[in-house]
Amino acid sequence: MDPYAKIAELGLELPSVAPPAAAYVPAVQTGKHVYVSGQLPSVSGKLLATGKVGAGVSPEQAKDLAQRCALNVLAAVDALVGLENVVKVVKVVGFVASAEGFVGQPQVINGASELFGAVFGEAGHHARSAIGVAELPLNAPVEVEAIVEVA
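Start counting the sequence shown at 1488; every next residue gets the next number (the working numbering).
Here it is in structure tokens:
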């Protein structure tokens, strides 16, 4: 399965890797694993939305934002080792800036999980955590990080 073709088939375009907003690198490889830093829902360095999910950001919008985060994860992997070298998406951690009482974090992070599955098929199925938090950097509603195995 060609991940680049799958991304195009989904009507998406792999962005350039987002430059770090602080003292870290977008992704690092150790052995056969790539650890991707938390990616925000940005395009060309600009957040697509700000605020809390459940108050100002709808769960549906947040799910789309989680997909954008996942696309940015893929860009970081591609820039480091190339998507063609991904063997398995191992672990995904999603953070959702949640309004008081919002408990739909798993459905929001499905936006990322579903993209990984669509791009890599069975190799995109992964372990996952979906965590509600009070605040995220730059007032982002969603952040996604991942660990992938590479050839």
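Glycine is no exception: its CB is placed at the ideal position from the N, C-alpha and C atoms.
Over the uninterrupted beta strand (DSSP E) stretch that includes residue i, give me the two end residues.
i            : result
residue 1519 : First-last for residue 1519: undefined, no H or E at that position.
Report back the beta-carbon spacing between residue i and residue j to the nearest angstrom; my notes put them in contact at under 8 angstroms.
i            : j            : result
residue 1598 : residue 1553 : 3 angstroms
residue 1615 : residue 1578 : 7 angstroms
residue 1585 : residue 1539 : 6 angstroms
residue 1507 : residue 1558 : Residue 1507 to residue 1558, Cβ: 17 angstroms. No contact.
Are residue i and residue j touching if we call contact CB-CB under 8 angstroms?
i            : j            : result
residue 1549 : residue 1504 : no
residue 1576 : residue 1613 : yes
residue 1532 : residue 1582 : no
residue 1630 : residue 1623 : yes
residue 1536 : residue 1544 : yes
What are the boundary residues of the alpha helix (DSSP H) that residue i is part of?
i            : result
residue 1500 : Segment: none, residue 1500 is in no alpha helix (DSSP H) and carries neither H nor E.
residue 1528 : Run containing residue 1528: none; DSSP gives neither H nor E here.
residue 1495 : 1490-1496
Spatial neighbours of residue i within its chain, please: CB distance less than 7 angstroms, with the 5 preceding and 5 following residues excluded, ordered by chain position.
i            : result
residue 1572 : 1637 and 1638
residue 1534 : 1527, 1528, 1625 and 1627
residue 1567 : 1514, 1516 and 1521
residue 1496 : none
Excluding the 5 residues preceding and the 5 following residue i in the sequence, name in chain order all residues of the same chain whose CB lies nearer than 8 angstroms to its CB.
i            : result
residue 1490 : 1561, 1570, 1571, 1573, 1606 and 1607
residue 1500 : 1494
residue 1620 : 1582, 1583, 1584 and 1585
residue 1590 : 1619
Can you name, in chain order, every residue of its own chain whose Cβ lies under 6 angstroms from the Cβ of residue i, other than the five neighbours on each side?
i            : result
residue 1515 : 1522
residue 1700 : A question about residue 1700 goes unanswered here, because the residues of the chain that appear run from 1488 up to 1638.
residue 1611 : 1576, 1603 and 1604
residue 1588 : none
Taking only runs that begin and end inside the stretch 1604-1637, name each unbroken beta strand (DSSP E) of 3 or more residues, in chain order.
1614-1620 and 1629-1637
Which runs of the beta strand (DSSP E) fall wholly inside the stretch 1552-1588 and span at least 3 residues, in chain order?
1573-1584
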